[in-house]
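Presented below is the structure to which this report refers.
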Amino acid sequence: MGNPWLAIEAGADPAERIRTVRRAHAAFLSDGTVAPPVRQVVADSWRRSARACAAPDGVAPVELDEAALHSYREAHPLARAMPVFRELLGTIAQDGVHLLAVCDPQGRLLWVEGHPGVLRRAARMNFVVGARWDERHAGTNAPGTALAADHAVQIFATEHYNRRAQPWTCAAAPLHDPRTGRLLGAVDITGGDHLASPHSLALVQATARAAEAHLAVRARESGTHLTALGRDEALLVRDGERLRLGRRHSEIMVLLAHHPAGLTGEQLAVLLYGEREVRPVTLRAELARLRQLVGPLLRSRPYRLGAPVETDLCAVEREVMSHHLTSALDTYRGPLLPSSEAPGIRRLRTALEDRVRRALLAAGDPDQLRGWAHTPWGEHDLEIREALVDALPERSPARAASAAAAGRLRTEYGLTAGRTGPRTEPADRTGAAAP
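The sequence shown begins at 1 in our numbering and counts up by one.
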């Protein structure tokens, strides 16, 4: 088949495909084997679903109640794209056959719209707002698999891992922040077998691109943005123009954005160079070169930014303070300017990481803890690993694997005595009890 993301090639018999894939699905659940005509993208998704212990007959959990859903989705970036979704897919969603759904990066459905009769049928499998439809919780499905593969995809009938979803066919496409590339969620259309055509996949792809273009225009209208998490060289976006800054200029921009009232030359020098002996002309030369790049955005006496600059650092801090930890983790793409040795940056980096970690430990959500533990900056975090062990069900296979990983870290850190219960004392990153 030419396009592996399309469910059925031209000329194929849908009814026969449903039967053969149903047999393949039963065989996979029985012995773990999978073979054609199951598409590779579906086979990969089935394997991920099985590893995550997704239930083949369960229902997706509802994670956001009405109050939490309202505040979360009101602040979500995709709220600004809903007019585009409704304009391009709204007619389809009201035709009595289809549903329009939009989810966040965790697969939680934020909007599900369509004819009341179709909404009632979908509710029987918990395809409702607030429910989590990522592969871990709902198995193979278009929005969940689009998020996992980061690609538009169709899922046809018995290709769904969960049998409750097999009467449906769906097509979904992921959406990204046009400024940072961060995954924002996915847009989905769900309906009958007729959706297994090139047109439905092309439609959701075109809708996703139109929504991203709409968000890009809104971003240009909303000011200047600086992205510095997980990057050694910050990205400045202003009036739609993207400028990658050098390392020293990245440090200066982050520090000035964090001190909107401004800094004297002496204060800025200490934050950049510490106690090292640096001639004032060195800093002035760096600032002159930066002014050539950003123009009047950089002001002096004191050194400051001439217009508000939104940073991803401030966004994470704001989301943690508002208890929107999922959004904070989406925004946190890694440590602040990780290669920087500037004292001011190192303090900001450590403070932000500590704030996010403490929020994670306080929330105790196993998916969030697991996500942090599987990142390059969290893989050696013993405290997070042990909190994950505490958060997982006692008989979960994932708990045993997490306990083994925590044990290896304890040995690596010279803490050979294993834990016997939940932590009750404050600890540092290695898990050693605070003095």
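The beta-carbon is built from N, C-alpha and C at its ideal position, and this holds for glycine as well.
Start and end residues, beta strand (DSSP E) containing residue i
| i | result |
| --- | --- |
| residue 180 | Looking at the DSSP string, residue 180 is not in any beta strand (DSSP E), and its letter there is neither H nor E. |
| residue 114 | 109-114 |
| residue 225 | 224-227 |
Residue environment, residue i, which counts as buried when at least 16 other CB atoms sit within 10 Å
| i | result |
| --- | --- |
| residue 2 | exposed |
| residue 107 | buried |
| residue 30 | exposed |
| residue 103 | buried |
| residue 391 | buried |
| residue 166 | buried |
| residue 292 | exposed |
| residue 16 | exposed |
| residue 134 | buried |
| residue 109 | buried |
| residue 143 | buried |
| residue 231 | buried |
| residue 283 | buried |
| residue 212 | buried |
| residue 339 | exposed |
| residue 76 | buried |
| residue 278 | exposed |
| residue 321 | exposed |
| residue 221 | exposed |
| residue 67 | exposed |
| residue 71 | exposed |
Residues of its chain near residue i, where Cβ-Cβ distance is below 6 angstroms and the 5 sequence neighbours each way are ignored
| i | result |
| --- | --- |
| residue 28 | 34 and 46 |
| residue 150 | 174 |
| residue 316 | 328, 331 and 332 |
| residue 22 | 158 |
| residue 87 | none |
| residue 238 | 224 |
| residue 90 | none |
| residue 423 | Bear in mind that a pLDDT of 42 at residue 423, under 50, signals an unreliable position, so the model cannot answer this. |
| residue 60 | 126, 131, 132, 133, 137 and 138 |
| residue 13 | none |
| residue 7 | 154, 156 and 196 |
| residue 359 | 320 and 325 |
Residue span of the alpha helix (DSSP H) that contains residue i, given as start and end
| i | result |
| --- | --- |
| residue 383 | 382-391 |
| residue 25 | 14-31 |
| residue 311 | Per DSSP, residue 311 belongs to no alpha helix (DSSP H); it is in the beta strand (DSSP E), 309-311. |
| residue 402 | 397-412 |
| residue 90 | 82-93 |
| residue 67 | 66-75 |
| residue 214 | 198-221 |
| residue 54 | That residue, residue 54, is in no alpha helix (DSSP H); it is neither H nor E in DSSP. |
| residue 106 | It is not in any alpha helix (DSSP H) - residue 106 carries neither H nor E in the DSSP assignment. |
| residue 344 | 343-363 |
| residue 322 | First-last for residue 322: undefined, no H or E at that position. |
| residue 369 | 366-373 |
Beta-ladder partner(s) of residue i, from DSSP
| i | result |
| --- | --- |
| residue 101 | 112 and 188 |
| residue 259 | Note: residue 259 sits in no beta bridge, so no partner. |
| residue 242 | 237 |
| residue 471 | The chain is shown from 1 up to 435; residue 471 falls before or after that span and cannot be answered. |
| residue 298 | 305 |
| residue 62 | 131 |
| residue 336 | 229 |
Close Cβ partners of residue i (< 7 angstroms) along its chain, the five nearest in sequence each way excluded
| i | result |
| --- | --- |
| residue 192 | 97 and 169 |
| residue 409 | 380, 382 and 385 |
| residue 421 | Reliability of the predicted coordinates at residue 421 is poor, the pLDDT of 41 falling under 50, and no value is obtained from them. |
| residue 327 | 319 |
| residue 352 | 313, 316, 317 and 336 |
| residue 378 | 372 and 384 |
| residue 163 | 56 and 57 |
| residue 94 | 114 and 115 |
| residue 79 | 73 |
Spatial neighbours of residue i in its chain, beta-carbon cut-off 8 angstroms, leaving aside the 5 residues before and after
| i | result |
| --- | --- |
| residue 306 | 296, 297, 298 and 299 |
| residue 287 | 252, 298, 300 and 303 |
| residue 263 | 255, 256, 271, 302, 303 and 304 |
| residue 85 | 100, 102, 111, 187, 207 and 211 |
| residue 246 | 233 |
| residue 152 | 5, 146, 171, 172, 173, 174, 201, 204, 205 and 208 |
Proximity test, Cβ basis, 9 angstroms: residue i and chain B
| i | result |
| --- | --- |
| residue 382 | No chain B appears in this structure, which consists of one protein chain only. |
Distance cut-off 8 angstroms: residue i Cβ against heavy atoms of the ligand PLP
| i | result |
| --- | --- |
| residue 83 | For the ligand PLP, the structure offers nothing, since it holds no ligand at all. |
4-residue-minimum alpha helix (DSSP H) runs that sit fully inside the segment 123-188, ordered along the chain: 135-138 and 142-149
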